[in-house]
Structures are given as structure tokens and as C-alpha cells.
Amino acid sequence: MRVSVGFRVISGIVAITAILVGSDPVQGAHPQSVRGSGGAVASAERAATDVGLQILLDGGNAVDAAVATALALAVVHPGAGNLGGGGFAVVRFGTEVDTLDFRETAPAAASRDMYLGSDGEPVPDRSWVGPLAAGVPGSPVGLYELHGRYGRLPWQRVVSPAERLAGDGFVVSERLAREITGSLELLRRFPETADVWLPGGSPPAAGTVMRLPQLAATLRNYRNDGPSALTQGAAAVAIEMVAHRYGGVLRAEDLAAYRAVWRSPVLFDAFGWKCASMSLPSSGGIILGQTFGMLERLSWAELPRFGADRAHLLAEVWRRSFADRYRLGDPRTTQADAWELLASSWLDRRAREIRLHRATSSDKVRPWTEEDLREAAATTHLSVIDAAGNAVALTTTLNGRFGCGLLVPGVGILLNNEMDDFAAAPGRPNEYGLVQGEANAVGAGKRMLSSMAPIVAWRGEELLVLGARGGSKIPTSTAQVFLNVVVDRDDLQAAVDRPRVHHQWRPDILMVEPDSLSPETVRVLTQRGHSLEEMATAGQQPKVNAVQRLPGGLLAAAADPRGPGVAGVVVPVPGL
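In the working numbering, the protein residues as written are 30 to 605.
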């Protein structure tokens, strides 16, 4: 049944607003989140958000809108939302909660030492640039699987908007033009990529119309044939051929063998709310659960907002949750799991380690071990809520911007560089500075550990759906937006706008966005032993997109101004 009659869509790019965290902010200093009751979508690009809203107008549910938005992002936001990558989805339909893992996997020919030189040291860029860095894409199978279980509209209807964007053309946004210009060296490295994304040898200017006929044809085949359009036949052969040409090990057989996996969600309580997030191979849900569990034990909500005590405790709990992350990996080889790291006894012990007036050196915070168990018994994101209250938090990724840089000729998709998310040399930092352990070593068929943290939270009729892009900063930025809404009752847009901080155990640095801390707070934190470093560029700052159902059923949507992002709602028209 079509429901577009009597409704209108409101969407808009959120303007950036700077607030000094050290002062008592005025709620009106932030633009209010857009609000309506017919559905809400927040994503990284206007064209994608509009696609999701139109799907809701046409009678689609939250999964229909999420899949359609993700496919549109695969066209208009190629640096992150791409069919050559993978991701995770958290779904809440009625009272049922489910999670889908469509994370990339290592090719069958992958080996433990494939990124090390003869001296045993990691070879620069080997796990980052070119197809040797590419895992087996999961998005084609995952999005189809997600729609197949929960979607309402026909598959063809959900895919068609992205196909039209690619074939008819879309307007290049300021962000896309900036990202292409900032990635010229990578995009020029492969002629197949430069032919498409550097037309005439130059990056397209913002405001120009970009047409992607190869991708449009792939999406048409995907619409007609489902994932086999990419995992079998000519497209799979093209992926194998171009990977082989540049020294990769990805093969057509890897694509055909790929399976998405429905997993039990990570479930936990936080500040009176029920929460569901991703389990392994995502570490994000575990980090969120540990963060909120420790903060509640430390009475974080009772401390003065914007003061040094709150920032100090955030750094301390993240120092420990990221240390525990060291033991995590593919569910088949992980050395710890959610049950162990979210156990009350372990969170009690972690919280007791923390001192309010002194930072702990990361050298003194060791990861969880089995002995502890015996003693103490640890990209781009879109959010959707439909009018019925069904919710989807979906995060997809290529890892680095434009993935490994290689576009598959004739298919039009960019391959990911997710293999860098493995520990190429356990104990040494990856591109994001994360130090990872043996559990996440490279292995054929394994799923690399992720920091993605899509989350759906609820309390009575209230709902909060959010997630982020930003590598290792994903769970910490997601946590802060959650706390802004749930603890401090911010309007959703204000919660997303506020400057944030980040700590990840190693390096032992508290990273801060500009204006996130007052000079007095910085002084106090420094006295307590924290080393602070500013996230000086927009590229360092994570981006959160969120939607919310308020008491009474009104829906709110907010997109991150750091993106920029676009949030939209469906609003009933009075009298119609």
C-alpha cells in the first residue's frame, strides 16, 4: 500500500555549530533535529537520504529504506558506501532484535605472513593499497539477505533508485569533490580507477553531474539476479582478473563461497535503557557495553557535565575496553568474547582499577586473560526508523577512503582494503594506530576484527538508533552521542553536534576535537597525567548519523555536521 498521499518529506544538510564544552550551553545554540512521524532517515549524502525517505513514502519499512539508502550511497558516496566492501546491521522489528554480519573475509589464498617482508617486518602499503589488501566483499550478499528476511517492498523496487542515480547521473557534492581531490595519488595509481573517477584526468568539480554507466549496469543485473550478479559469472571473473593483474589473491571462487551470517546481538542495559549492538567480529558492541557498564559503576552521570571528571573517566574506561579488544578476533579464533568481557564481575574489577584523580598509564593496563576469567568468573553509517517503530542501524565500509584504490573495469565497484584490519604483525599498530593481538592474525576465510558499532536502544516506546564512521573512533563517538541523549537529555541534533574526545589504549593519548574541553579542563587533565592531542582535521573526526523515536511517537533525525550528513523525516500534511 502506498502511503505517500498526505505526507511530505523534510530533509536538509545540517549546518556546523561550535559550542564551548567548558561553558553551560544553551540548547537553542544548536539547530534542532528535524522531526516528523512517518519515518526518519539519516545518512551521509542528501541523494541517499532522499532515496530512503521515498521508499518509506512508497510503503516500504525500515529495512527497505535502509537497503535502498545503502545502495544509493554505493553510487554517490563511493569512498565508503560501496558494493566492494562489507558491514553490519542491527535490526529491531517489534520486540525482535537481530544482527547481520556481512563483514568481508580473507581470501582462501591469504596467509599469516603475507604482509611481511623477508626481515619479518610489515611492508609499507602492502595491506593498504592494491588488491592484495582486498578482502572478499560482503555487501552484495548482505544487503540482499537483510532485505530477504525483513523487507516488504519487492527487491527490484529497492534497488532501482540506486540504478537510476548511476545511470541518469547525480550531482557531485562538495564532500565528494573534496574526497576525490584529497585521494588523487591513490586514484591515479590504477588506470581503471582514474578512467572513471578522474574524467579527463581531473577530479570532477562540485555541482557537476556524474554518470556511472558501468555501475548502473551492475546494479541492473543486481536488481534482476540478486547477489549472483556480482559473485558469479562475468563480474566475478572481472574481479579476479583485475586483482591478479595487480598482485592480488582474490578469486572468483572466494566470491561464490561468501556467506553473510545472522548472529545473536550483544545485549546490555545502560542508564535504564535496553541496548542491542553487534557481536564479533565487530568489537564495537563490546566496547559500548563495557563503556556504559563501567561508567554506571563509577557514577558518571552524577558528575558535573563538561568538567574534567567526566572526560577523565571516559579516557579511563576506553583505555581498558580497547586493551581488552586486543584479545578479540574472528568468532572462530577469538581469545575472548562478549560474555566474558561484559560479565558483571569483570566490569566490577575494571571499574575498581580506575582512580578519579590520576590517569593510569596504558603500559599498566593489560588485556583480559583466561586467568582473569578464572579469578573474576572482555565507515559510513545510516540509521532508519519507520512509522511503526521498526529500526535499522547499518554500517558499511571499505576501510580506507576509496578502499584499496582499484576499480573493477566493466563492473564499476571499488575493492576494499579491509585486510589491514587484521593484525599483519600482532602487537604492532595498523593504519588507525590500533594494536591488535594474535586472535586477529591473518588467516584464510577469517573475518577481520572491526570497530563498527551500530546500536539500537529502547526504553518503553522510546527508541535511539545510531552509529558512526571513523575507524577506531566509531565506538567512542557513538557512546558520547548516546550519553548526550540518554543521560543529559539533549535534543538529538545537539547530541550529535557536540565536540567529542577519544582514547584507545594505544597510543596513550587523549584525542580531543576543537572546543571539546575548556582551558581549565585541559589543565586539570594534564595535571592528572593525561597526554592530550587535538583532532585538527575533519578527516580525523568521526561522523555520527542518528534517528530517534520520542515519547508520544514523534520521530527525530540528525546528521553529523562534520560530514556533512543529511537527515530527513516524513511529516503528515494536516488536512490530507
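C-beta: ideal position from N, C-alpha, C; glycine also.
Exercise. Quick one: what does DSSP say D401 is sitting in, helix, strand or coil?
Worked result: Interpretation of D401 is limited by its pLDDT of 37, a score under 50 that renders its predicted location unreliable; the figure taken from the coordinates is listed afterwards. D401 falls in the helix class under three-state DSSP.
For this session: May I have the straight-line CA-CA distance separating I84 from C433, to the nearest angstrom?
Result: Answer to the nearest angstrom: the Cα atoms are 32 angstroms apart.
Exercise. Leaving out the 5 sequence neighbours to the left and right, which residues in its chain are closer than 7 angstroms to L324 when beta-carbon positions are compared?
Worked result: Around L324: L342 and V346.
For this session: Classify A588 as buried or exposed, calling it buried when 16 or more other Cβ atoms lie within 10 Å of its own Cβ.
Result: buried
For this session: Can you give me the start and stop residues for the beta strand (DSSP E) that V421 sits inside?
Result: A420 to T426
Problem set entry | Distance between A299 and Q577 (C-alpha atoms, nearest Å) | Taking the straight line joining both Cα atoms gives about 17 angstroms.
Exercise. Is the segment 346-364 in contact with the segment 470-478, if contact means three or more CB pairs nearer than 8 angstroms?
Worked result: yes
Problem set entry | Where the alpha helix (DSSP H) through A191 begins and ends | W184 to D197
Problem set entry | Extent of the continuous beta strand (DSSP E) to which S306 belongs | W302 to S306
For this session: Give the DSSP-derived three-state secondary structure of W375 in the structure shown.
Result: helix
Exercise. Counting along the chain, where does the alpha helix (DSSP H) carrying A352 start and finish?
Worked result: A337 to R354
Problem set entry | Per DSSP, cross-strand counterpart(s) of G531 | The amino acid occupying residue 531 in the given sequence is His; Gly does not appear at that position. Answer is M540, bridged to H531.
For this session: Give every residue of the same chain whose Cβ lies closer than 6 angstroms to the Cβ of G278, excluding the five residues on either side of it in the sequence, and list them in chain order.
Result: Looking at the sequence itself, residue 278 is Val, so the reference to Gly does not match. Cβ neighbours of V278 beyond the five flanking positions: P136 and A138.
For this session: Could you tell me how far apart the beta carbons of W534 and S312 are, in whole angstroms, since I believe they sit closer than 8 angstroms?
Result: Going by Cβ atoms, the distance from W534 to S312 rounds to 12 angstroms, so no, they are not a contact pair.
Exercise. Nearest to R186 by CA position, among A223, F451, L248 and L495, is which residue?
Worked result: L248
Exercise. Per DSSP, what kind of secondary structure is A47 in: helix, strand or coil?
Worked result: Note that A47 scores a pLDDT of 20, beneath 50, so its modelled location is shaky; the value from the coordinates is reported in the next line. Coil.
Exercise. For E208, is the classification buried or exposed, using 16 other Cβ atoms within 10 angstroms of its Cβ as the cut-off for buried?
Worked result: With a 10 Å radius around the Cβ and a threshold of 16 neighbouring Cβ atoms, E208 comes out buried.
Exercise. Which value, in whole angstroms, describes the spacing of the CA atoms of I383 and V394?
Worked result: 10 angstroms
Problem set entry | Inter-residue Cα distance where the pair is A524 and R326 | 23 angstroms
Problem set entry | A388 vs S308 beta-carbon contact at 8 angstroms | Taking 8 angstroms as the Cβ cut-off, A388 and S308 do not qualify as a contacting pair.
Problem set entry | Which of helix, strand or coil DSSP assigns to P54 | The pLDDT assigned to P54 is 32, lower than 50, so where the model puts this residue is not dependable; a value taken from the coordinates is nonetheless given after this. DSSP places P54 outside both helix and strand once states are collapsed to three, so it counts as coil.
Problem set entry | Spatial distance of A162 from Y275 (CA atoms) | 11 angstroms
Exercise. With burial defined as no fewer than 16 other Cβ atoms inside 10 Å of the residue's Cβ, what is the status of N253: buried or exposed?
Worked result: When all chains shown are included, N253 counts as exposed.
Problem set entry | For M270, three-class secondary structure by DSSP | helix
For this session: Pull up the distance between the alpha-carbon of G57 and that of F335, whole angstroms please.
Result: Residue placement at G57 is flagged as unreliable, the pLDDT there being 40, under the threshold of 50; the coordinate-derived value follows with that caveat. Going by the C-alpha atoms only, they are around 17 angstroms apart.
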